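Asker:
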Amino acid sequence: MSENVVIILVAALLIVTVLFAAVIIYLFNKVLKEKSHSRQEQEDAPPLKKYRATQDHASYCVNHPQDHAHGMCAICQELFCEDCLKEHDGHTFCAPHFKLFISHEWEELESIKTTPTTPETAYPIYDFKKELWDDGGEPTVISTHYKINIDDDSIESYVKLLVIKDEFEELKGRYQKFKQ
Ligand SMILES: [Zn+2]
Ligand SMILES: [Zn+2]
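Numbering (the working numbering), first residue to last: 163 to 342.
1. Determine contact between the segment 283-290 and the segment 234-254, defined as no fewer than three beta-carbon pairs at a distance below 8 Å.
2. Should HIS259 be counted as a contact of ligand 1 given a C-beta to heavy atom distance under 6 Å?
3. Taking a contact to mean a Cβ-Cβ separation below 7 Å, would you say VAL321 touches THR302 in this structure?
4. What residue does the alpha helix (DSSP H) around ILE274 start on, and which one ends it?
5. Using only the alpha-carbon positions, how far apart do SER200 and LYS291 sit?
6. Decide if THR254 is buried, meaning its Cβ has at least 16 other Cβ atoms within 10 Å, or exposed.
7. Tell me which residue opens and which closes the beta strand (DSSP E) that TYR285 is part of.
8. Rounded to the nearest angstrom, what separates GLN342 and ASP229 at their Cα positions?
9. Out of GLU249, HIS307, ALA231, LEU271, which one is the CA nearest neighbour of LEU241?
10. In three-state DSSP terms, what is HIS259?
11. Only counting the same chain, and skipping five residues up and downstream in sequence, which positions put a Cβ closer than 6 Å to that of HIS307?
12. Would you mind working out which of THR277, PHE263, CYS246 sits nearest GLU318, comparing C-alpha positions?
13. Would you call GLU272 buried or exposed, if buried means 16 or more other Cβ atoms sit within 10 Å of its Cβ?
14. Would you mind stating whether CYS223 and CYS256 have Cβ atoms separated by less than 7 Å?
15. Tell me which same chain residues have a C-beta within less than 6 Å of the C-beta of PHE340, skipping the five on either side of it?
16. Here's the rule I'm using: 16 or more other beta-carbon atoms within 10 Å means buried, otherwise exposed. How should ILE264 be labelled?
17. Sorry if obvious, but does the Cβ on CYS235 come closer than 6 Å to a heavy atom of ligand 1?
18. Determine whether the beta carbon atoms of LEU114 and ILE310 lie at a separation below 7 Å.
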């Protein structure tokens, strides 16, 4: 009788041990899988985010999220639908910046010559415009003029930065510092 009890106890102990081991192995595998899964998600995240950003925001009007963007405001560089944009002097503007543009005199602060193979020479103008806007909403307009060089048939473009005339001297100083 007591011998049977011992056998049953040993058998029960064996079963418990095997079950315990199985649970440990199962959990271990699960944790490993989750780890590799989350690593993969992290790797996928940035390009996916970028893709979504261009899909969801870049191609729709800021005022009308259901309408496709038609163009960009030359001052705030936000995207707007056809109804929101107004054209003037070859530029497009959102409503408030159209008013701002036509109610001021503008002066050329900088003009940089670029060619199709060296567009990067004009980058300082784009960077300075962005800095002025991000810093305190200082309005500027970038104007590009194309010229065909008859001597060698090459296309030259002049990227110009226009600023409000009354702010020209102050912004000229800031631009000198920016270029250094
Ligand atoms: Zn605008
Ligand atoms: Zn709109």
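In this text, a Cβ means the ideal position worked out from N, Cα and C, and glycines have one as well.
All values reported here derive from a predicted model rather than from experimental measurement.
Answerer: This is what the structure gives:
1. no
2. By one-based count along the sequence shown, residue 259 stands at place 97. Correct: HIS259 has its Cβ closer than 6 Å to ligand 1.
3. For this step, residue 321 is matched to residue 159 along the sequence shown. For this step, residue 302 is matched to residue 140 along the sequence shown. No.
4. Counting from one through the sequence shown, the residue named residue 274 turns up at place 112. Careful: ILE274 lies outside any alpha helix (DSSP H), inside the beta strand (DSSP E) at 268-276.
5. Your numbering for residue 200 matches position 38 in the sequence shown. Your numbering for residue 291 matches position 129 in the sequence shown. Residue placement at SER200 is flagged as unreliable, the pLDDT there being 43, under the threshold of 50; the coordinate-derived value follows with that caveat. Whole-angstrom Cα-Cα distance: 40 Å.
6. On the sequence shown, residue 254 is found 92 positions in, with the first residue counted as 1. THR254 is buried by the Cβ-count criterion.
7. In the sequence shown, the residue the question calls residue 285 occupies position 123. Looking at the DSSP string, TYR285 is not in any beta strand (DSSP E); the run it does join, the alpha helix (DSSP H), is 285-298.
8. Here the question's residue 342 lines up with position 180 in the sequence shown. Here the question's residue 229 lines up with position 67 in the sequence shown. When rounded, the distance between both Cα atoms is 42 Å.
9. Residue numbering aside, residue 241 sits at position 79 when the sequence shown is read from its first letter. The shortest Cα separation from LEU241 among GLU249, HIS307, ALA231, LEU271 belongs to ALA231.
10. Looking up residue 259 in the sequence shown gives position 97. If DSSP states are grouped into helix, strand and coil, HIS259 belongs with the helices.
11. Sequence index remark: in the sequence shown, residue 307 carries index 145 (1-based). Counting only Cβ-Cβ distances below 6 Å, and skipping sequence neighbours, we find TYR320.
12. Residue mapping note: residue 318 aligns to position 156 of the sequence shown, counting from 1. With distances taken between Cα atoms, GLU318 lies closest to THR277.
13. Your numbering for residue 272 matches position 110 in the sequence shown. Buried: at least 16 other Cβ atoms inside 10 Å.
14. Position 61 of the sequence shown, counted from the first residue, corresponds to residue 223. Position 94 of the sequence shown, counted from the first residue, corresponds to residue 256. Cβ distance not < 7 Å, so CYS223 and CYS256 don't count as in contact.
15. Against the sequence shown, residue 340 aligns to sequence position 178. So the qualifying residues of the chain are PHE290.
16. Numbered from its first residue, the sequence shown carries residue 264 at position 102. When all chains shown are included, ILE264 counts as exposed.
17. Residue numbering aside, residue 235 sits at position 73 when the sequence shown is read from its first letter. Yes; taking the cut-off as 6 Å, the Cβ of CYS235 has a heavy atom of ligand 1 nearer than that.
18. No information on residue 114 is available, as it lies outside the stretch 163 to 342 that the chain covers here.
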